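Contents: one structure, followed by commentary.
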Ligand SMILES: Nc1ncnc2c1ncn2[C@@H]1O[C@H](COP(=O)(O)OP(=O)(O)OP(=O)(O)O)[C@@H](O)[C@H]1O
Ligand SMILES: [Mg+2]
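Residue numbers (the working numbering): 155 to 403.
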């Protein structure tokens, strides 16, 4: 069953159509990757799915329910969480506090929130600890985010997304700018999360995509030009022309 679906989704910025007639179906529990050249519209698609922008055309369905035009904070509550292409953390906050804020912001009950101390939210604290543990950063919970490596900051971003207790995890180039060793760790992490969450992954590193994806959708100039399992995508002549070039040859 599709947990997330778009129908003829489009987004224009003035004269530029960044996303055009995208109809996409993400199966619950799958790892579905979105690939395509720079400027193909991948991040814009995520911005539409998470309510950062309202689409110009089309619809978004989550669990069969129309969520088109739903604002970003509501979408986070519905269970869609994302990590960003660029690192997006509070540098002076400890790792725990960075993650705790995300856990707290999506906590089930807002009743009487303002009148209680942070320690009075054991559920948010537990979720924050679990998320840090899932990405291997629990031992550094008290360290300020600015003091960890770039690779660890990307892991922290992932923990922030996990702390929102999502059902669908949207990852925008989680391995961008990482060293080979850090990339290996990130890939292992994504693999470990596979199955526990529905994962939509944007990534340029094609070997990663081919090894972790159940399905791959290919975007080119805002449109979907192909979709299928990795082996099929690797063979597809349109995809090779548009994107893979010599890499897959
Ligand atoms: N807020 C915006 N305002 C105007 N144009 C935008 C905006 N966001 C994206 N665009 C344009 O939309 C197009 C698609 O951009 P997008 O960032 O979605 O591509 P991408 O596939 O994520 O590329 P990359 O692989 O480089 O991250 C680009 O031409 C970009 O300049
Ligand atoms: Mg992008």
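Backbone N, C-alpha and C define an ideal beta-carbon position, used for all residues, glycine too.
The structure presented is a predicted model; accordingly, all values stated were derived computationally and were not measured.
Problem - Cβ neighbour criterion (16 or more within 10 Å) applied to residue 405 - result: Residue 405 is absent from the structure shown; the chain starts at 155 and stops at 403.
Exercise for the section: Consult DSSP for residue 406 and reduce its assignment to one of helix, strand or coil. Expected result: Because the chain is modelled from 155 through 403, residue 406 falls outside the range shown and cannot be assessed.
Exercise for the section: Drop a sphere of 10 angstroms on the beta-carbon of residue 307, count the other beta-carbons inside from all chains shown, and report buried for 16 or more, exposed for fewer. Expected result: Flag for residue 307 reads buried.
Handout entry: C-alpha gap between residue 329 and residue 210, whole angstroms
Key = 30 Å
Handout entry: Proximity below 8 Å, CB of residue 317 to CB of residue 339
Key = no
Exercise for the section: Evaluate residue 401 with the Cβ neighbour count: other Cβ atoms within 10 Å of its Cβ, from every protein chain shown; 16 or more gives buried, anything less gives exposed. Expected result: Residue placement at residue 401 is flagged as unreliable, the pLDDT there being 48, under the threshold of 50; the coordinate-derived value follows with that caveat. By the neighbour-count rule (16 or more Cβ atoms within 10 Å), residue 401 is not buried but exposed.
Practice task
Just the C-alpha distance for residue 173 and residue 376, rounded to the nearest angstrom, thanks.
Solution key: C-alpha separation (whole angstroms): 4 Å.
Handout entry: residue 251 versus residue 293: straight-line alpha-carbon distance, rounded
Key = 14 Å
Problem - Span of the beta strand (DSSP E), counted from its first residue to its last, around residue 373 - result: 369–374
Problem - Simplified DSSP assignment, three categories, for residue 348 - result: In the structure shown, residue 348 sits in a strand (DSSP, three-state: E or B).
Handout entry: Close Cβ partners of residue 226 (< 7 Å) along its chain, the five nearest in sequence each way excluded
Key = 204, 205 and 206
Practice task
Return the residue from the list 389, 390 and 351 that minimises the CA-CA distance to residue 157.
Solution key: 351
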